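Here's the structure, in structure tokens; my notes come after.
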Amino acid sequence: MITVNKLLQNQSSYIEDCWERIEGKLAVTIERIKDGMPHSTFDGVYDDWQDQKSWWTNTFWAGILWLLYRETKQEHYKEYAQSIEAKMDEVLYGYDKLHHDVGFMWLLSSVMNYELTGNEQSKQRAMLAANILSARANIAGGYIRAWNGDKEGWAIIDCMMNIPLLFWASKMSKDDRFKHIGIMHADKTMNHFVREDGSVHHIVSFDPSNGEVLDTPRGQGYDSGSSWSRGQSWAVYGFVQAYQWTGKQEYLHSAKRIAHYVLTCLSQTGYVPPCDYRQPAESSLLDSSAGAILACGLIEIAKSVPEAEKILYLQGAISILKALDTQCGVWDLSDEALLTNATSAYHPGAFKRAVIGNGALIYGDYYFVEAICKLKEMMK
Ligand code: GLY
């Protein structure tokens, strides 16, 4: 069997080449987007959500800029990312429109800024976001509330990607209260979202007074009981991070179990995820963003398991990234997408700015860049 070092050695020229294409393309795209808040491409052009700053995806572009800054040290990447972060203050201090995705929003802006530059104001913003996320915990129910309005009992699998903000906040403050809330939510997710076969629900509706499961609504996948591919990816990447922050083995086991299920599904579909692993056979709807997120999670599993296990996850990640690159990668500089074939939701409903397999979603592009950066780091 091939070793991890040999695999990385064999892939090194591919990884370098892919990074050069990413960097070359983003250097052009940045000239237009600058410090904008793109969400999805339509006819090859990213839109801008600055008219709706509380939207959960509004700092993914800043995240891309921070990755580029980390790799190249070019100042304009940092300056644009910091400008986006400052613009988000109206949402952070406005409070009313905030939701559980404060994790995504301030991990990719303020935490990245603080980790790369030591900026104290960024640390304070991220700590405030962590306090807001903590306050969404329903202690009687044992979960973090996802959305606002009449959804008091709703928790969603995506939140596994928000709780790293709580673990980070505990490290910063040397105060385990944040971590306890993260663990409470991860335990609830492990016990009620992860099915025995390794697939996961998108949404679970709990009784807010006691945490009993009431329902598992459909969410962004094909149906209740189906298997929304991006949700499975959030779960893999979220659980492995929960393990890395807490050392709790059961989170790593959960990440592996979900990964085994997803890798088995993907081995049948050529490694680009469908929108839902249980969508009707006649549907050809894809979601490249699910693949990019999953690749990041698999790479982190590979880093977390003993030597003999690593290759399964790393090879899986590389197979996915190469399939995304060749089947969904857009390297024409006149189109701003990195990965097309992204899908917002199987049933987009009234969501007017949805992409249905025919454009890029900024988080798909972000995680593709992050995954290639992770592989570059592993090659060192
Ligand atoms: N967090 C919502 C989504 O993945 O579309």
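The opening residue of the sequence shown carries number 53 in the numbering used here; numbering runs sequentially from there. Ideal Cβ placement from N, Cα and C applies to all residues, glycine included. Predicted model only: the values in this text are computed from it and were never measured.
Nearest to residue i (by Cα), restricted to the options the options
i    : options                   : result
Y398 : V80, K105 and S278        : S278
G155 : L218, L391 and R270       : L218
S225 : D100, S356, L180 and G322 : L180
I136 : G115, H232 and G76        : G115
K426 : A221, G401 and A369       : A369
A84  : W113, D202 and M431       : Looking at the sequence itself, residue 84 is Arg, so the reference to Ala does not match. Looking at the Cα atoms, W113 is the closest of the given residues.
H128 : D87, S106 and Y323        : D87
Y418 : E264, A389 and V288       : A389
Y274 : G146, G283 and Q296       : G283
G349 : W286, I408 and A192       : W286
L117 : D148, T81 and T241        : T81
Q293 : D148, Q367 and N214       : N214
D202 : F258, Q331 and T55        : F258
S106 : A79, E142, A207 and K125  : E142
F403 : H244, L59 and H91         : H91
I414 : V97, G76 and N57          : V97
G416 : W71, L78 and S341         : S341
Q301 : D239, L60, K139 and Q331  : D239
S161 : Y121, S396, D249 and T241 : Y121
N159 : P269, A221, L60 and M242  : Position check: residue 159 holds Leu in this sequence, whereas Asn was assumed. Out of P269, A221, L60 and M242, A221 has the C-alpha closest to the C-alpha of L159.
L385 : Q61, G76, S65 and I67     : G76
V265 : T241, E248, E123 and V288 : T241
D99  : K308, K432 and A406       : A406
Q333 : A133, V56, Q320 and M53   : Residue identity check: residue 333 is Ala in the sequence provided, not Gln. When each option's Cα is compared against that of A333, the closest is Q320.
S396 : I74, Q134 and D339        : D339
A423 : P400, D387, D95 and K355  : K355
E167 : L144, Q134, L364 and M140 : Q134
N171 : M431, K130 and Y329       : K130
K432 : S64, T55, M53 and I54     : S64
M140 : Q104, T124 and Q126       : Q104
Any non-hydrogen atom of the ligand GLY within 7 Å of residue i CB
i    : result
D95  : no
Q176 : no
Q293 : no
D210 : yes
R282 : yes
W206 : no
W107 : no
Q367 : no
S92  : no
Q272 : yes
S278 : no
S396 : yes
Start-to-end residues for the beta strand (DSSP E) that takes in residue i
i    : result
F258 : I255 to F258
D267 : V265 to D267
Residue i: first and last residue of the uninterrupted alpha helix (DSSP H) it sits in
i    : result
Y207 : First, the amino acid is wrong: residue 207 is Ala here, not Tyr. It is not in any alpha helix (DSSP H) - A207 instead sits in the beta strand (DSSP E) that spans W206 to I208.
N57  : V56 to I85
G411 : Per DSSP, G411 belongs to no alpha helix (DSSP H); it is in the beta strand (DSSP E), I408 to G411.
Q379 : E359 to C380
G146 : D141 to G146
C348 : S340 to S356
G283 : S281 to T298
S18  : Because the chain here runs from 53 to 432, residue 18 falls outside it and cannot be looked at.
A307 : Q301 to S319
F219 : P216 to S225
L427 : I414 to M431
R229 : R229 to H244
T124 : F112 to T124
M157 : V154 to W158
E334 : Unbroken run through E334: none, as it is neither H nor E.
M164 : M164 to T169
Supposed close pair residue i, residue j - CB separation, criterion 8 Å
i    : j    : result
N110 : M157 : 7 Å
L318 : G409 : 17 Å between Cβ atoms; not a contact.
F291 : S306 : 5 Å
H151 : A198 : 7 Å
W101 : D153 : The Cβ separation is near 13 Å, so there is no contact.
V246 : I184 : Not a contact, Cβ separation roughly 27 Å.
G263 : A192 : 7 Å
P260 : N190 : 6 Å
V421 : L119 : 5 Å
I235 : T169 : Contact flag wrong, Cβ pair sits at about 30 Å.
A182 : Y195 : Wrong, their Cβ atoms sit about 17 Å apart, outside the cutoff.
W360 : T392 : A quick correction: the sequence has Ala, not Trp, at residue 360. The Cβ separation is near 37 Å, so there is no contact.
Y289 : Y295 : That pair is no contact at about 11 Å.
**Asked** Okay, do the region 249-261 and the region 164-179 touch, 3+ Cβ pairs below 8 Å being the bar?
**Response** They do not touch, by the three-pair rule.
**Item:** the region 338-357 contacting the region 309-325, beta-carbon criterion three pairs below 8 Å
**Value:** As far as the Cβ criterion goes, the region 338-357 touches the region 309-325, which means the pair count is three or higher.
**Item:** Cβ pair count under 8 Å reaching 3, the region 368-383 against the region 322-333
**Value:** yes
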